[in-house]
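Enquirer: Okay, here's the structure, questions in a sec.
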Amino acid sequence: MVPTTKEELNKLVTQQTLETYEELAPQLVRLIDTTKKREDLTEAQQWDEISLHMMGYVKSCTNEIIVEVLAEILGLE
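All residue numbers for the sequence shown refer to the working numbering, where the first residue is 1 and numbers rise by one.
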């Protein structure tokens, strides 16, 4: 779908955002679970690691959303 209005573009981006966050969420959950089980880290270090995982998750999702929406608009495979 090539959006022709700002509303259509918003809808496309929103749909892709939901799909991407749902698709990548299991990886984040695994990283968080693994970090919480690490006995070599203090609780503060675990939270620091989890914060880094969250930032990486948001960055990955953002990149994926941008690429997928542009690919859709440009008709790329």
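Think of the CB as a built atom: it goes at the ideal place given N, C-alpha and C, for glycine as much as any other residue.
(1) So V69 and V13 are in contact, right, with Cβ under 8 angstroms, and what is the actual spacing, rounded?
(2) Tell me the rounded alpha-carbon separation between A25 and N63.
(3) By alpha-carbon positions, which one of L74, V29, E77 and C61 ends up nearest to Q15?
(4) Could you give the residue range of the alpha helix (DSSP H) that holds D33?
(5) Return the first residue and the last residue of the alpha helix (DSSP H) that M55 is part of.
(6) Beta-carbon within less than 7 angstroms of I32's beta-carbon, same chain only, minus the 5 sequence neighbours each way: which residues are those?
Expert: The relevant details are as follows:
(1) With 8 angstroms as the limit, V69 and V13 qualify as a contact, their Cβ atoms being about 6 angstroms apart.
(2) Annotation: A25 to N63 spans about 15 angstroms, alpha carbon to alpha carbon.
(3) Nearest C-alpha to Q15 among L74, V29, E77 and C61: C61.
(4) Its alpha helix (DSSP H) spans residues K6 to K37.
(5) From DSSP, the alpha helix (DSSP H) with M55 extends over E43 to L74.
(6) For I32, the CB contacts under 7 angstroms within the same chain, skipping 5 residues up- and downstream, are I50 and H53 in chain order.
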